[in-house]
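Number of protein chains: 2
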Amino acid sequence: MEQFDPTLLDTLIDTLQASAQLIEIIDASGKIIIPGLINTHTHIGMSLFRTLGDDMPQRLQKYIFPLEKHFVTPELVYQASRHSLTEMISGGTTTIADMYYFQHMTARAVAESGIRGVLAQALSSAPAPDAKTFAEGTARLKALTAEYSGHPGIIPAAGPHAPYSLTAAELRETVRLAQKLDIPIQSHLAEMPFEEELIVRQTGLRPIPYYDSLGILSRRATMAHCIFANAEDRALLRERETGIAHNPSANSKSGKGIAPAYEFYRDGARIGLGTDGPMSGNRMDIVSQLNITAKMQKVRLGDPTVMKPAEILAMATIGGAEALHLEQHIGSLEKGKQADMVIISTESLSMFPIYDPYAAIVYCADSNDIESVLAAGKFVMKKRELKTLDREEIRASCTRITARIAEGFTPAE
Amino acid sequence: MEQFDPTLLDTLIDTLQASAQLIEIIDASGKIIIPGLINTHTHIGMSLFRTLGDDMPQRLQKYIFPLEKHFVTPELVYQASRHSLTEMISGGTTTIADMYYFQHMTARAVAESGIRGVLAQALSSAPAPDAKTFAEGTARLKALTAEYSGHPGIIPAAGPHAPYSLTAAELRETVRLAQKLDIPIQSHLAEMPFEEELIVRQTGLRPIPYYDSLGILSRRATMAHCIFANAEDRALLRERETGIAHNPSANSKSGKGIAPAYEFYRDGARIGLGTDGPMSGNRMDIVSQLNITAKMQKVRLGDPTVMKPAEILAMATIGGAEALHLEQHIGSLEKGKQADMVIISTESLSMFPIYDPYAAIVYCADSNDIESVLAAGKFVMKKRELKTLDREEIRASCTRITARIAEGFTPAE
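Here the protein sequences line up with chains A and B, keeping their order.
The opening residue of the first sequence carries number 13 in our numbering; numbering runs sequentially from there.
The opening residue of the second sequence carries number 13 in our numbering; numbering runs sequentially from there.
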């Protein structure tokens with residue numbers, strides 16, 4: 013490598029300082045700088061339920077539904093979102109795509125945190141914690157969209173839950189509304205083992221073609237999971253330029269399966285990584301997803317040479333940007349894009365030696381190696397200190413809520 | 013929960029101090045204490061090669077063999093072992109089972125570190141970095157056994173590499189030698205996709221029954237991997253009380269497959285967790301194996317309720333002790349056993365909330381949450397500060413070696 017002349021840097025700094033154009037020098041020598049990590053699917057309002065009922069049979073019925081019925085309030089969603097954001101930022105995440113209830117409270121938390129969010133108001137036929145009907149849900153969506161119109165960091169979105177939880181008419185209305193409001197759509201698709209048989213029986217179409225028949229699949233849409241996607245399904249998602257949020261940690265923990273992420277990536281689909289919610293994947297940082305993404309694909313295909321470290325890191329950055337149709341603005345360190353950047357330390361014991369920085373990040377790093385994080389050119393974490401969120405105050409606020417849950421919750425029979 | 017009267021503790025402390033029986037008070041309030049973690053299979057002498065050639069085709073031929081031929085010296089093994097031990101201790105590991113070349117140098121490093129090691133001198137038919145012949149390997153094994161006879165922390169062991177890398181006569185001789193020296197045996201078994209066909213063709217037996225026919229499977233033996241183990245193979249290992257070292261991170265990264273760890277555990281086999289070597293699984297801490305162990309089994313069986321957090325933690329502690337036939341001495345916090353203990357902090361962002369401490373350790377923790385580690389009642393790490401190994405000096409010594417590797421190594425054509 014050519015020797016760098018440090019006097020040139022000094023001259024540049026002097027010139028910039030003289031012209032008052034220099035804001036700050038960040039010394040990252042010996043460190044690794046990557047684009048901000050993108051979490052394409054999560055439910056951050058659920059973090060105060062984490063570790064409740066992990067691995068229990070009928071967890072949805074016995075734990076999640078009763079918890080949501082009794083404890084999900086605007087205040088819980090706000091505090092849980094703030095807690096999740098501390099963990100996400102300290103793991104290098106600068107953009108999230110989220111779907112949950114009382115999404116205006118998540119939007120408030122994300123706006124305060126200084127990172128970016130594509131934030132979907134959840135919609136379903138059945139009564140939800142924040143909406144007795146589908147119409148109440150769409151009313152919330154309209155209010156959210158109005159409230160954050162023109163906000164630099166918040167993109168409101170429609171969140172129809174899944175093919176099996178809304179009627180075809182409601183799904184069509186969601187598409188019309190998203191077009192009218194000019195907002196993205198997020199949904200769960202081809203995730204559930206029962207889903208394919210049910211949708212084929214009801215509609216004659218597999219879930220992915222069924223969504224396409226309703227006009228959902230487009231450059232406006234990001235579909236979470238897509239575990240049960242055959243070659244035709246994959247081609248359809250690619251042709252429609254629909255984003256795919258791949259959640260290997262959650263999908264394996266729930267025993268559902270391993271999505272064909274390698275094939276999506278290889279064929280040029282818009283695929284990024286997601287943690288899913290904190291009751292599903294538990295950890296909220298993307299760094300912890302890199303390793304498991306690689307290993308699940310290699311073991312599924314019986315081939316150690318697929319899904320190489322550089323490809324995994326691409327999925328976690330530019331791939332995530334493409335999945336959210338934001339690749340003009342984020343996902344890589346390029347002139348004209350937002351300065352979402354992560355500085356990774358190489359001091360920890362697992363980060364030595366480093367012959368290949370991609371392999372070190374994917375196979376050796378954990379979120380504690382993330383040293384500093386900038387979103388839109390501003391520090392949201394600097395040398396492990398959070399700059400926009402007060403970690404102690406958030407922990408204290410959340411502890412008041414979790415104490416009530418620990419005392420008041422019993423699983424359904 | 014009944015209210016604890018803190019004056020009782022004060023009285024106890026006063027009494028013990030008056031009788032000079034009190035050594036030290038460790039305040040672990042709000043923290044989690046678990047038995048020391050046990051790594052049942054690794055090759056710590058390889059850590060200075062980490063991230064070289066990850067995911068490359070023919071990595072064994074193009075990277076590992078040339079690296080071992082040109083760079084494996086006693087000094088490299090010693091320094092690489094010391095580096096690995098810093099990472100292992102700071103991840104809560106108090107016992108390792110290792111197999112590699114120049115094992116006397118690994119033994120020196122483990123003895124200096126203050127943790128425990130079952131340390132196997134590698135044996136094979138082919139020339140190795142430390143032995144031109146099988147006989148030279150057994151001579152090294154005899155010397156290692158003599159050197160560490162009666163050492164409280166080091167158990168020398170025989171390490172015949174695999175069914176396909178020694179002759180039947182050499183394997184039989186290894187068993188006789190292990191019996192004579194009264195030492196354990198470690199080997200790789202049912203790991204390679206080619207292994208089963210080869211051994212069946214050569215011997216008419218599957219690899220696991222073949223090893224049994226040579227007398228290897230016994231209470232003296234710990235077999236790494238056992239990926240390709242059918243119901244009869246599993247029953248045989250269980251009946252022989254042979255230990256199994258399960259390495260899900262390495263086995264998935266190499267695309268080989270997922271061992272039937274759940275079935276082994278459910279049926280009462282002696283199964284523990286291992287990282288495998290740092291070129292295979294990369295990370296050397298057992299905490300990072302817990303999560304992937306659970307998820308690989310769930311996705312393999314399509315069932316989220318198998319391999320629950322408490323079972324995973326059992327595998328990483330008492331299961332590891334059983335796999336190494338040391339359950340009388342380590343693996344649980346019980347009167348009469350060694351005081352190998354780990355104190356886990358609950359301060360980090362991912363360790364909140366904790367309704368279920370087992371789920372928090374398995375799905376939310378990482379090695380940075382390990383606060384203090386005691387081996388045989390002595391701190392080897394206290395509040396993240398290593399007490400027996402000098403991390404800065406080790407990094408400097410290792411950097412001198414890795415610089416030579418980075419400069420001098422080119423992959424084979």
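Built from N, CA and C at the ideal position, the CB exists for glycine as well.
What you are looking at is a predicted structure, and each value in this text was computed from that prediction instead of being measured.
At a cut-off of 8 Å, the C-beta of Ile228 (chain B) has no neighbouring C-beta in chain A.
Nearest to Gly420 (chain B) by C-alpha distance, out of B:Ile44, B:Phe83 and B:Leu28, is B:Phe83.
When DSSP assignments are scanned along the stretch 286-343 of chain A, the uninterrupted stretches of alpha helix (DSSP H) that are 4 or more residues long and fall wholly within it turn out to be 299-313, 321-326 and 332-335. For the 8 Å CB-CB criterion, Leu178 (chain B) and Ser137 (chain B) form a contact. Listed by position along chain A, the residues whose Cβ is nearer than 9 Å to that of Glu99 (chain B) are Ser360, Leu361, Ser362 and Phe364.
Runs of alpha helix (DSSP H) with 4 or more residues, each lying fully within the stretch 91-177 of chain A, are found at 115-125 and 146-159, listed in chain order.
Collapsing the DSSP output to three states places Arg252 (chain A) in coil. If you check the CB distance, Ile46 (chain A) and Ile356 (chain A) come in under 8 Å.
Look at Glu346 (chain B) here: in three-state DSSP terms it is coil, with no helix or strand label. With a beta-carbon spacing of about 37 Å, Asp66 (chain A) and Tyr223 (chain B) fall beyond the 8 Å limit used to define contacts.
DSSP places Val354 (chain B) inside the beta strand (DSSP E), whose first and last residues are Met353 to Ile356. With its beta carbon less than 8 Å from one in chain A, Tyr375 (chain B) belongs to the interface. The beta carbons of Met100 (chain A) and His55 (chain A) sit no closer together than 8 Å.
Beyond the five residues adjoining it in sequence on each side, Pro423 (chain B) comes within less than 6 Å, by CB distance, of Lys74 and Tyr75 in the same chain, given in chain order. One Cα belongs to Arg62 (chain A), the other to Leu217 (chain B), and the distance between them is close to 48 Å. Listed along the chain, the chain A residues whose CB falls inside 8 Å of the CB of Asp26 (chain B) amount to none; the nearest CB is some 33 Å away. Between Asn380 (chain A) and Ser409 (chain A), the C-beta gap is not smaller than 8 Å, which leaves the two residues out of contact. Within the stretch 44-86 of chain B, the alpha helix (DSSP H) runs of at least 4 residues that lie entirely inside it are, in chain order, 77-83. DSSP places Ser409 (chain A) inside the alpha helix (DSSP H), whose first and last residues are Arg403 to Gly420. Taking 8 Å as the cut-off, the Cβ atoms of Ile228 (chain B) and Val187 (chain B) count as close. Boundaries of the alpha helix (DSSP H) harbouring Val212 (chain B): Glu207 to Thr215, taken from the DSSP string. Closest option to Asn259 (chain B), judged by alpha-carbon separation, among B:Lys268, B:Thr105, B:Phe206 and B:Asp368: B:Lys268.
Beta-bridge analysis with DSSP links Gly284 (chain B) to B:Ala257. Taking C-beta separations shorter than 8 Å and ignoring five residues to either side along the sequence, the partners of Leu325 (chain A) in its chain run Ile46, Leu302, Tyr370, Ile373 and Val374, following chain order. Residues of the stretch 92-120 of chain A that bring their beta carbon within less than 8 Å of a beta carbon in chain B comprise His95, Thr98, Glu99 and Ser102, in sequence order.
Counting along the chain, Ala387 (chain A) sits inside the beta strand (DSSP E) bounded by residues Ile382 to Ala387. Using a CB distance below 9 Å, the part of the stretch 41-70 of chain A facing chain B consists of Ser59, Leu60, Phe61, Arg62, Thr63, Leu64, Gly65, Asp66, Asp67, Met68 and Pro69, ordered along the chain. Non-local beta-carbon contacts of Thr215 (chain B) in its own chain, meaning distances under 7 Å to residues more than five positions away in sequence, involve Tyr222 in chain order.
The beta carbon of Phe276 (chain A) lies closer than 7 Å to those of Arg246, Ile256 and Ile283 in the same chain, with the five residues before and after it left out. Here the C-alpha atom of Ala169 (chain B) lies approximately 31 Å from the C-alpha atom of Glu383 (chain B). With a cutoff of 8 Å on beta-carbon distance, Leu183 (chain A) and Met235 (chain A) are scored as not near each other. No residue range can be given for Ile37 (chain B), since it is assigned to no beta strand (DSSP E) and is classified by DSSP as neither H nor E. Nearest Cα to Ala147 (chain B) within the set B:Leu135, B:Arg396 and B:Met296: B:Leu135. Within its own chain, the residues whose Cβ lies closer than 7 Å to the Cβ of Met308 (chain A), once the five positions on either side in sequence are excluded, are Pro260, Ser264 and Ile270, listed in chain order. Taking CB atoms only, Ser125 (chain B) has no neighbour in chain A less than 8 Å away.
Listed in chain order, the positions of the stretch 315-331 of chain B with a beta carbon within less than 7 Å of a beta carbon of chain A are Asp315, Pro316, Thr317, Lys320 and Pro321.
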